[in-house]
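4 protein chains.
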Amino acid sequence: MNGFQAGDAVMILLGRKRFVMRLQQGRLQHTHEGLIRHDELIGQPPGIKLTTHIGKPFVALRPSLHDLIMSIQRISQIIYPKELGYILLKLNVGPGARVAECGTGSGSLTLALAHMVRPSGRVYSYDKRADMIAVASKNLDNAGLLEHVEFRERDIEEGFVETDLDAVFLDVRTPWECLGQAWAALAEGGFLGAIVPTTNQVSELIAGLEARGFQDIEVCELLLRSYKPVAERLRPVDRMVAHTGFLIFARRLSDGVAPGDLGCASSLAEDETRDSLSLAGPIESADSQGV
Amino acid sequence: MNGFQAGDAVMILLGRKRFVMRLQQGRLQHTHEGLIRHDELIGQPPGIKLTTHIGKPFVALRPSLHDLIMSIQRISQIIYPKELGYILLKLNVGPGARVAECGTGSGSLTLALAHMVRPSGRVYSYDKRADMIAVASKNLDNAGLLEHVEFRERDIEEGFVETDLDAVFLDVRTPWECLGQAWAALAEGGFLGAIVPTTNQVSELIAGLEARGFQDIEVCELLLRSYKPVAERLRPVDRMVAHTGFLIFARRLSDGVAPGDLGCASSLAEDETRDSLSLAGPIESADSQGV
Amino acid sequence: MNGFQAGDAVMILLGRKRFVMRLQQGRLQHTHEGLIRHDELIGQPPGIKLTTHIGKPFVALRPSLHDLIMSIQRISQIIYPKELGYILLKLNVGPGARVAECGTGSGSLTLALAHMVRPSGRVYSYDKRADMIAVASKNLDNAGLLEHVEFRERDIEEGFVETDLDAVFLDVRTPWECLGQAWAALAEGGFLGAIVPTTNQVSELIAGLEARGFQDIEVCELLLRSYKPVAERLRPVDRMVAHTGFLIFARRLSDGVAPGDLGCASSLAEDETRDSLSLAGPIESADSQGV
Amino acid sequence: MNGFQAGDAVMILLGRKRFVMRLQQGRLQHTHEGLIRHDELIGQPPGIKLTTHIGKPFVALRPSLHDLIMSIQRISQIIYPKELGYILLKLNVGPGARVAECGTGSGSLTLALAHMVRPSGRVYSYDKRADMIAVASKNLDNAGLLEHVEFRERDIEEGFVETDLDAVFLDVRTPWECLGQAWAALAEGGFLGAIVPTTNQVSELIAGLEARGFQDIEVCELLLRSYKPVAERLRPVDRMVAHTGFLIFARRLSDGVAPGDLGCASSLAEDETRDSLSLAGPIESADSQGV
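These protein sequence lines are chains A, B, C and D, in that order.
Residues in the first sequence are numbered from 10 upward in steps of one, following the numbering used here.
Residues in the second sequence are numbered from 10 upward in steps of one, following the numbering used here.
Residues in the third sequence are numbered from 10 upward in steps of one, following the numbering used here.
Residues in the fourth sequence are numbered from 10 upward in steps of one, following the numbering used here.
This is how it looks when you write it as structure tokens:
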């Protein structure tokens, strides 16, 4: 990794605080422990230790995607890294993907998606609230990822503008009311994801997905348990986040595939696939040969 | 998404089984329910429904990264998607990243890394066992991701070949014995990750990380709880994976930064950062202004 | 503890098996490793090591309540010790209590209740299926606790025979249909508990409890995570029970207390009471003095 | 249940606060919402609604064991109901049992034990700190359970005074240093339990238990997940207690039983016994017959 350049996102570790800023020539960053001159950082290697104008030491790092997400400005409940990583894998997000989300919220998922679809993919982020889009834009800009996102201030009832999308994610209160729009926007075989906080919403969404013909439905939660990293007194931290939301995933199959055609409507959960999938694996049980 | 082409990875859903194969002109896939001709799939849209030569219906989909990982051939305990997604975020993996892992194992992390660093990044995967590398290579090839990976059959005691890496991940029995090698291979500010099954190993690794000067140490576990996706009888599945491993993360800072320079040696855990980070956020508490 | 006597429940550890039997003079126990003569055990101290008639060593212990529950014959899903202990505390079960349950099932809760209400309390166990009561009776008899229980083969629609009960527990499919009966059977201030497997049932039960005037409603789950007890390689076991059921608790207050009179309809959960309750504790915040 | 009598523990629900007090003739209870005259409560049925001297309504209930524990004065981390219930079952606590614990702490386990061993059993509670014993005594007295407990201000290095105990529980920093004392105090076949916060302590304790000849070692954690009890918006609470401690259980067998005699040194965990135990059950697989 080369030195910091103007436009880079930089994470500052200063005392017990850490925050992310984007380098700009000639700018000053005010902190609780004095000023940081952006110009002093430009050209320096990541990991450098410097001091503020009143002599307080700080370290400047390249933020990880995890750091970027945890440091965004929040005006709504965000989706956390523990869920974000799993969402990326389930929705098959990666370089080149075209993905839509609704709503934007504070932009934590937007940020993770933008990071992963670079450079040729694209994120379309819908929200009917202008204030949400304003904050999310700022957060994406601060992370240097704004160019990969198109924000759309629009009620999702009117549908997505895009079609043939690789994936759609719904983070709204009544996702079952957006399933027609999501179906229309998705490519055949495309991935749908959603997050809702209550079990009642999960039930309504499952019913809606089945009614609309989505298949391979999976419902799960992810729990992150942190430990105090002390070698001689290793133990879980006292308290943890017990709930952010239930994750629901499904697929839009080809229009010709009826529900039930797959034999089993729902996906095998991660903990049940261990044996079944290895038995069904391509190498062990299904030999290929040339004709 | 366009139609399937030769070289694409395709996931077949056939009865209660699902598996991934890579399309090749002129090939036949043997299954428990009859033959599938690859040629019949080439050109078809993902999500299509066809039949085997004995008339059994199957659906052909583009696999998600989650599908690819869950369907690899296993000759060792694999790292699961619930951990993989979080690892990607913590190690800042994304398009263009240069990442090394040791050991290769069955290649589940290799596959996730290769998917995410495309097209310009690179994965360096080390294992001293040739059989592991052989299986992982097959798995990567089957997923169409082999070109992004360089496998190295090599004892990690001799060190990594690469330097200035963005991230290094250790999935070995005694990761604390590889920390000098990891430090040498990492760029300043680079990310280290590891997974170990026992608490004793976690303690040894924390001690080793501190001794070697790594900072920002985090230890955590991720638990995935799946639900039976039935709208009127929603409930968690009966049994779950209770443990795959403990995840440990740390950063290599600049050589000039001494342990303790950061004020706090360890990272704030996800569940503790909610308030502290939003307070420290760039927009709320740290105003920038031009000079 | 004195030596084993006729009528005692004894746990036998034989090879990798363990089972519970009740001592009777002159009886023989057939096992997969030979015969055990009851008479050889009578008078011996718990913890003794003997051999079967073909020389296989076994150990005879007094079973714990946990052992008794885990060794009952099962013809239905049982309530597990992790839930049973918590139920006992929430329902205020203890020596002298009069408690009813519906349905009996295999009798695991019956057994725990009978153990704890001895010698002066009483358990009333309702089930409309004679086969359930037959198996549960056998299980209670085997544990030496049958005398503390009255089984009633009866449809709960007809109500409980008893009144003024200290607690009632419902383990039926539609507990919201038994709330009138439970209210009639409970003393003022009495405790209600229930277990159901699905979130839909939880919602229906909460609505029913509120409609019927029950207060102090609490909903929770208990998760037991076991570790492999190896000092140098301590780690959680690979798999665990992810779900047995949701526990719901409530109280029947005096007929004159309307819902809402308490200011807050629902109980503080265990994890929220830490500070609030210690502040409200009798010694710190509420001084007593004589007049 | 009859009306309240002098000497009874009463739980008062007043606004958003709840606390426990013990009724005494002629006493006044000061609260943040006015005075409560004990004499007004004596003779009233549990569940009654009254008002303070300034007209604030309150409800008076019999506290459950759970209520009693959650309302004790705390001068140390307490053991919570989720663990207490399981401890009672594993240690076979019940009416008539003779149990020792060390240390006393704030007395939450003491209280649960005293409640359950009534009327003929006895709890022996050791602590070397007089202030702990003073607070615990007050807590037990407030709950009306003091008569069943003997507190002993004593360093456990000097051993327990009692012998032939049914169970011993250790809640000290270095329980492995008390195992000789516990062995001496326990009856053959007696139960040992312990709670420690760190994994390092678990490892040391397992090693100590094996060295001392304890058998049937089990290590586990209990997690309580609470739900917001709202029928139409059912969801887990946001945050939960992630860790109070690891529970360790073992048995003292007869002096003649060597480690390993049982074939397997460690107990089957709850989640592994489902099948094995029902197969080994006395009724299904081991027929008894008279001679």
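All C-beta atoms in this analysis are idealised placements derived from N, C-alpha and C, irrespective of residue type, glycine included.
Contact between the segment 233-250 of chain D and the segment 215-231 of chain C is established, with three or more Cβ pairs separated by less than 8 Å.
Listed along chain A, the residues sitting closer than 7 Å to C:Asn209 by beta-carbon distance are Ser212.
Here B:Gln34 is exposed. Its C-beta has fewer than 16 other C-beta atoms within 10 Å.
Contact annotation for A:Arg131 against chain B: no contact, minimum CB-CB distance about 13 Å [criterion: below 8 Å]. Along the segment 234-268 of chain A, the positions whose C-beta sits under 7 Å from a C-beta of chain D are Arg234, Glu241, Arg242, Leu243, Arg244, Pro245, Val246, Asp247, Arg248, Met249, Val250, Ala251, His252, read in chain order. Using a CB distance cut-off of 9 Å, C:Ile142 does not count as an interface residue toward chain D. Put simply, of A:Lys147, A:Gly43, A:Ala145, A:Tyr133 the residue whose alpha carbon is nearest the alpha carbon of A:Phe169 is A:Tyr133. Boundaries of the alpha helix (DSSP H) around C:Val144: 139-151. The three-state secondary structure of C:Leu195, taken from DSSP, is strand. For D:Pro104, the neighbours in chain C by C-beta distance under 7 Å run, in chain order, Pro104, Arg127, Pro128. Rounded to whole angstroms, the gap between the alpha carbons of A:Ile142 and A:Phe178 is 16 Å. Residue contact check for A:Gly43 against chain B: no CB pair falls below 9 Å.
Excluding residues up to 5 positions away in sequence, Ser115, Val144 lie with their Cβ nearer than 6 Å to the Cβ of A:Ile84 in the same chain.
Nearest to B:Val250 by alpha-carbon distance, out of B:Arg234, B:Gly202, B:Gly43, B:Arg31, is B:Arg234.
Annotation for A:Pro90: the continuous alpha helix (DSSP H) segment containing it runs 90-99.
Chain order gives the chain D residues near A:Pro206 as Arg244, where near means a beta carbon separation below 7 Å. The DSSP-derived three-state label of A:Gln210 is helix.
The beta carbons of B:Tyr89 and B:Gly112 sit no closer together than 9 Å. For B:Ile78, the uninterrupted alpha helix (DSSP H) segment begins and ends at 74-79. Of the other Cβ atoms in all chains shown, fewer than 16 fall within 10 Å of the Cβ of B:Gly64; this residue is therefore exposed. The beta carbons of B:Arg31 and B:Asn209 sit no closer together than 9 Å. Taking a beta-carbon distance threshold of 9 Å, D:Leu74 counts as an interface residue toward chain C. A Cβ-Cβ contact shorter than 9 Å links D:Gln53 with D:Gly12. By the neighbour-count definition (other C-beta atoms within 10 Å, threshold 16), D:Thr172 is an exposed residue. Counting along the chain, D:Leu50 sits inside the alpha helix (DSSP H) bounded by residues 47-50. The segment 215-224 of chain D makes contact with the segment 251-259 of chain D; the number of CB pairs closer than 8 Å reaches 3 or more. For the options D:Val211, D:Ala18, D:Ala69, the alpha carbon positioned closest to that of C:Ser263 is the one of D:Ala69. Rounded to whole angstroms, the Cβ separation of C:Val29 and C:Pro66 is 18 Å, and the two are not in contact under 8 Å. Taken through DSSP and simplified to helix, strand or coil, D:His39 comes out as strand. From the beta-carbon of D:Pro55, the residues of chain C found nearer than 8 Å are Ala196, Glu197, Gly198, Ser263.
With a minimum length of 3 residues, the unbroken runs of beta strand (DSSP E) contained wholly in the segment 208-264 of chain B fall at 224-237, 248-250, 255-260. According to the DSSP assignment, A:Ser117 belongs to the alpha helix (DSSP H) that extends over 117-126. By the Cβ rule, the segment 161-168 of chain A does not count as touching the segment 92-108 of chain A, because fewer than three pairs are nearer than 8 Å.
Nearest C-alpha to C:Asp76 among C:Ala123, C:Ile21, C:Pro104: C:Ile21. In this chain, the beta strand (DSSP E) harbouring B:Cys111 covers 107-111.
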